[in-house]
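A short write-up of the structure that comes next.
In the working numbering, the protein residues as written are 398 to 551.
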């Protein structure tokens, strides 16, 4: 289980019965995502900082999220893990916004979002996971909130 390092608020997702800790820095974004009818599977307000803390607490160093390269690469970046169809709808909404469009749609720019759809080995075959990993600069959280809160839900 991942150690909760950021201050958090316990929220009950619309697709669960039990509360889960949501980092305070992304509570408004997560609530707004849920209000759109979309799901989240995980989130973090600063992935680099979280990985650094987990490593300092003795997590195995052979995990990708424990490496110094990962920590430096993702310091100052927030993270959302969403089911594929919900992630695509969320990303399309962000790309429709004049202030976020370039960050969301441009690959490999300095502040461009990083999006991954992992492939894993499972039961003797490679399969795509049902989730998309979305990383974005944490200073864009308020812009994301603005877009989500001012867009009518589905």
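Note that CB positions come from ideal geometry on N, CA and C, so glycine has one too.
Predicted model only: the values in this text are computed from it and were never measured.
- Whole angstroms is fine: what's the gap from residue 436's alpha carbon to residue 417's? By 1-based counting over the chain shown, the position of residue 436 is 39. By 1-based counting over the chain shown, the position of residue 417 is 20. Distance between the alpha carbons of residue 436 and residue 417: 13 Å.
- Can you name, in chain order, every residue of its own chain whose Cβ lies under 6 Å from the Cβ of residue 543, other than the five neighbours on each side? Residue mapping note: residue 543 aligns to position 146 of the chain shown, counting from 1. Contacts found: none.
- Query: Can you give the beta carbon distance from residue 547 to residue 529, rounded, assuming they're within the 8 Å contact cut?
  - Reply: As a first step, residue 547 is located in the chain shown; it is residue number 150 there, counting from the start. As a first step, residue 529 is located in the chain shown; it is residue number 132 there, counting from the start. Contact flag wrong, Cβ pair sits at about 23 Å.
- Item | Same chain, Cβ closer than 8 Å to residue 449, five either side skipped, listed in chain order | Stepping through the chain shown from its first residue, residue 449 is reached at position 52. Result list for residue 449: 468, 472, in chain order.
- Roughly how many angstroms separate the alpha carbons of residue 366 and residue 451, rounded to a whole number? There is no way to answer for residue 366, as the model of the chain reaches only from 398 to 551.
- Which of helix, strand or coil DSSP assigns to residue 503: For the purposes of this step, residue 503 is taken as the residue at position 106 of the chain shown. Collapsing the DSSP output to three states places residue 503 in coil.
- Message: Suppose contacts are defined by Cβ-Cβ distances below 8 Å. Is residue 430 in contact with residue 487 by that definition?
- Response: Here residue 430 corresponds to residue number 33 of the chain shown, with the count starting at 1. Here residue 487 corresponds to residue number 90 of the chain shown, with the count starting at 1. Yes.
- Message: Need the endpoints of the alpha helix (DSSP H) that residue 526 sits in, please.
- Response: The residue given as residue 526 occupies position 129 in the chain shown. Residue 526: not part of any alpha helix (DSSP H); DSSP gives it neither H nor E.
- Whole-angstrom Cβ separation of residue 612 and residue 535, contact assumed at under 8 Å? The displayed coordinates of the chain run from 398 to 551. Any statement about residue 612 would go beyond what the structure contains.
- Whole-angstrom distance between residue 404 and residue 433, CA atom to CA atom: In the chain shown, residue 433 corresponds to position 36, counting from 1. In the chain shown, residue 404 corresponds to position 7, counting from 1. Roughly 25 Å separates the two Cα atoms.
- Near residue 545, what residues of its chain come up, given a Cβ to Cβ distance below 6 Å and the 5 sequence neighbours on each side ignored? As a first step, residue 545 must be located in the chain shown, where it is residue number 148. So the qualifying residues of the chain are 429.
- Task: Let me know the secondary structure DSSP gives residue 408 once reduced to three states.
- Result: On the chain shown, residue 408 is found 11 positions in, with the first residue counted as 1. DSSP places residue 408 in the strand class (E or B) of the three-state scheme.
- Counting only the same chain and skipping the five closest in sequence on each side, list residues whose C-beta sits under 6 Å from that of residue 500. In the chain shown, residue 500 corresponds to position 103, counting from 1. Taken in chain order, the residues that qualify are 508, 509, 510.
- Message: For residue 533, tell me which candidate among 443, 419, 523 has the shortest Cα-Cα distance.
- Response: In the chain shown, residue 533 corresponds to position 136, counting from 1. Nearest of 443, 419, 523 to residue 533, Cα basis: 443.
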